[in-house]
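A.B. asks: My questions will all concern the structure given below.
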Amino acid sequence: MANLLCIGAGYVGGPTMAVIAQKCPEHRVVVADVDSAKIAAWQSDHLPIYEPGLKEVVLSCRGKNLFFSAEVERQIAEADIIFVSVNTPTKSFGQGAGKAADLQYWEKTARQILQHSRTPKIVVEKSTLPVRTAEAMERILHSNDRNLPFDVVSNPEFLSEGTAIHDMENPDRVLIGARDTPSGRKAMQAVVDIYAHWVPRERIITTSLWSSELSKLVANAFLAQRISSINSISALCEKTEADIQEIAHAIGLDSRIGPHFLNASVGFGGSCFKKDILNLVYLCEHYGLPEVARYWDQVVQMNEYQQARFHARMLSSMFNTVAGKRIALFGAAFKANTSDTRESPALNVCRALVEERAEVVLTDPYALDHARIDLAKDAPQVIFEPDPYRAAAKAHAIAVLTEWNLFAELDYRAIYQSMAKPAFIFDGRNILDHRRLFSMGFNVQAIGKPPLIHPAR
Ligand code: NAD
Ligand code: UGA
Numbered sequence: 127m128a129n130l131l132c133i134g135a136g137y138v139g140g141p142t143m144a145v146i147a148q149k150c151p152e153h154r155v156v157v158a159d160v161d162s163a164k165i166a167a168w169q170s171d172h173l174p175i176y177e178p179g180l181k182e183v184v185l186s187c188r189g190k191n192l193f194f195s196a197e198v199e200r201q202i203a204e205a206d207i208i209f210v211s212v213n214t215p216t217k218s219f220g221q222g223a224g225k226a227a228d229l230q231y232w233e234k235t236a237r238q239i240l241q242h243s244r245t246p247k248i249v250v251e252k253s254t255l256p257v258r259t260a261e262a263m264e265r266i267l268h269s270n271d272r273n274l275p276f277d278v279v280s281n282p283e284f285l286s287e288g289t290a291i292h293d294m295e296n297p298d299r300v301l302i303g304a305r306d307t308p309s310g311r312k313a314m315q316a317v318v319d320i321y322a323h324w325v326p327r328e329r330i331i332t333t334s335l336w337s338s339e340l341s342k343l344v345a346n347a348f349l350a351q352r353i354s355s356i357n358s359i360s361a362l363c364e365k366t367e368a369d370i371q372e373i374a375h376a377i378g379l380d381s382r383i384g385p386h387f388l389n390a391s392v393g394f395g396g397s398c399f400k401k402d403i404l405n406l407v408y409l410c411e412h413y414g415l416p417e418v419a420r421y422w423d424q425v426v427q428m429n430e431y432q433q434a435r436f437h438a439r440m441l442s443s444m445f446n447t448v449a450g451k452r453i454a455l456f457g458a459a460f461k462a463n464t465s466d467t468r469e470s471p472a473l474n475v476c477r478a479l480v481e482e483r484a485e486v487v488l489t490d491p492y493a494l495d496h497a498r499i500d501l502a503k504d505a506p507q508v509i510f511e512p513d514p515y516r517a518a519a520k521a522h523a524i525a526v527l528t529e530w531n532l533f534a535e536l537d538y539r540a541i542y543q544s545m546a547k548p549a550f551i552f553d554g555r556n557i558l559d560h561r562r563l564f565s566m567g568f569n570v571q572a573i574g575k576p577p578l579i580h581p582a583r
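Mapping of the sequence shown onto the numbering used here: position 43 corresponds to residue 169, and the numbering continues sequentially without gaps.
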């Protein structure tokens, strides 16, 4: 039996440790956070994040071998293995502002671990970090005069929001990096043993610390690059009457390319893709590799272009003015099946339309609370409406910005009747039946597809 602690009870810390607790009933698992309101939510019936299947996992072990605590320092003292899953956002100030990772929460945690440890610890990097951060961690931890041994292990997390529980239960791989020393190998084995409770051993891969840290940034960069690549081609499709979904299907059948992450969209969002690529760009610049930096920076620029292109297209289709027009935005979350709105393209489109003085109504099944907070400062006039039918009533246009199934299943005939005419639909996720909508009377514009516009009568 070991005492496992996770510092950081967010989108990663909460779900990952809940699954570890469920799969390893002999271990005591504590998730601690400075945010006591978040801890209280983890202890309640209203978990702080929406994630399919999460509640069932939490309820199966909470109070047995899974605990949530705001007493970070006391928990450090009692732990054998400490996972650190604090946020590592893009730095907004000083050197590297706008690109480098802000490591202040990470470093604070390292110092807290040092200060409150009385026994040897294995410290596991779960947060996404710049390559060679473990070295800084080791230097902080080894600056103790008690000769306490600490081993730093890298174990980046690859789960996606919306499928976090499934991804944790059936990971493509678990990556663990450590020093190639006797104590490093022992620490690595301790972490391998946790995952080996349910992950087939051949899917648990072990590498050097630096390969493990860098693999995480590279995995996100490659995934985001695929989206930017297909989105770049969607712009060409819109000029040539080629269809981006037909192209994605045709190229995805090539087993060397594969079908995943080829859905053209209004752009990728989420807390990590942009920040991790910018971090990679910063690292390349730091190591004197400007050509490599520029190559990856283009992935982010293409994503911004795609979002700007989307609202510019809305504006030009709607006779170059949306001032005073009601526009219903379907979706606030950065993807389906999550309440997370961090870096959501939906909110960027929303802000751009508010700037054009449209009357924007935002609807989403789970993300309106977060959206309300995000938009409070720069777009306080946005209307939040949980019912998509009410959101669309009297609207000149609907824009689908999150791929919730719910939006594909609405009664669009009834919605059309309730809207101002001519009625427009902009499908930023290509989830609707465009020909059917066109036959109902809608003017339809989708990503990377020829427009379906009714001629003036
Ligand atoms: P989050 O903001 O949801 O959670 C981080 C938590 O850490 C917050 O609750 C915060 O209060 C807490 N925290 C910060 N400093 C602390 C301290 N000193 N002591 C105790 N708690 C502290 O972030 P997240 O989305 O869970 O991401 C965490 C890390 O995991 C990031 O590095 C991110 O890049 C990475 N990651 C995220 C995802 C994802 O899907 N969100 C997936 C893989 C990796
Ligand atoms: C992503 C990675 O997929 C995870 O492996 C990684 O652990 C995580 O980032 C992280 O480090 O935070 P996540 O951001 O939760 O996970 O969600 P994704 O499914 O990757 O989607 C990201 C964005 O890309 C969403 O806005 C989504 O709608 C968009 N997307 C995705 C597309 O536009 N097209 C696609 O084909 C796929």
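The C-beta atom is built at its ideal place from N, Cα and C for all residues, glycine as well.
Taking 7 Å as the cut-off, is the C-beta of C476 nearer than that to any heavy atom in ligand 2?
C.D. replies: no
A.B. asks: Just to check, is the beta-carbon of L285 closer than 7 Å to a non-hydrogen atom of ligand 1?
C.D. replies: yes
A.B. asks: At what residue ranges does the region 155 to 208 contain a whole run of the alpha helix (DSSP H), taking only runs of 4 or more?
C.D. replies: 162 to 168, 180 to 187 and 198 to 204
A.B. asks: Taking 8 Å as the CB-CB cut-off, is I579 touching chain D?
C.D. replies: In the structure shown, chain D does not exist; there is a single protein chain.
A.B. asks: Would you say Y137 touches ligand 1, meaning its beta carbon is less than 7 Å from a heavy atom?
C.D. replies: yes
A.B. asks: Hey, would you say the C-beta of C398 is under 7 Å away from at least one heavy atom of ligand 2?
C.D. replies: yes
A.B. asks: Sorry if obvious, but does the Cβ on G395 come closer than 7 Å to a heavy atom of ligand 1?
C.D. replies: no
A.B. asks: Counting along the chain, where does the beta strand (DSSP E) carrying S280 start and finish?
C.D. replies: F276 to S280
A.B. asks: Please classify C363: does DSSP put it in a helix, a strand, or coil?
C.D. replies: C363: helix per DSSP, three-state reduction.
A.B. asks: Taking 8 Å as the cut-off, does the region 466 to 480 touch the region 508 to 527 (at least 3 CB pairs, one atom from each stretch)?
C.D. replies: Yes, since at least three Cβ pairs between the region 508 to 527 and the region 466 to 480 fall closer than 8 Å, the two stretches touch.
A.B. asks: Determine contact between the region 357 to 372 and the region 559 to 578, defined as no fewer than three beta-carbon pairs at a distance below 8 Å.
C.D. replies: yes
A.B. asks: Would you check whether ligand 1 has a heavy atom nearer than 7 Å to the C-beta of A493?
C.D. replies: No, Cβ of A493 sits at least 7 Å from all heavy atoms of ligand 1.
A.B. asks: Taking a contact to mean a Cβ-Cβ separation below 8 Å, would you say L285 touches I266 in this structure?
C.D. replies: no
A.B. asks: P326 to V318, Cα distance in whole Å?
C.D. replies: If you take the alpha carbons of P326 and V318, they lie about 11 Å apart.
A.B. asks: Exposed or buried, R452, counting other C-beta atoms within 10 Å across all chains shown (16 or more means buried)?
C.D. replies: buried
A.B. asks: Which residue spans inside the region 310 to 375 form an unbroken alpha helix (DSSP H) run of at least 4?
C.D. replies: 335 to 366
A.B. asks: Start and end of the beta strand (DSSP E) containing G303?
C.D. replies: That run of the beta strand (DSSP E) goes V300 to G303.
A.B. asks: Can you look up Q571 in the DSSP assignment and give me helix, strand or coil?
C.D. replies: strand
A.B. asks: On the three-state DSSP scale, how would you describe R435?
C.D. replies: helix
A.B. asks: Per DSSP, what kind of secondary structure is L240 in: helix, strand or coil?
C.D. replies: The answer is helix: DSSP assigns L240 an H, G or I state.
A.B. asks: Is DSSP giving E529 helix, strand or coil here?
C.D. replies: coil
A.B. asks: Give the secondary structure of C410 by DSSP, where H, G and I count as helix, E and B as strand, and everything else as coil.
C.D. replies: C410 falls in the helix class under three-state DSSP.
A.B. asks: List, from N- to C-terminal side, the alpha helix (DSSP H) runs of 4 residues or more that fit wholly inside the region 484 to 508.
C.D. replies: 494 to 501
A.B. asks: Please classify N405: does DSSP put it in a helix, a strand, or coil?
C.D. replies: Assigned with DSSP and collapsed to three states, N405 falls in helix.
A.B. asks: Examine the Cβ distances between the region 460 to 467 and the region 390 to 402 and report whether three or more of them are shorter than 8 Å.
C.D. replies: Contact between the region 460 to 467 and the region 390 to 402 is present, because at least three Cβ pairs lie under 8 Å.
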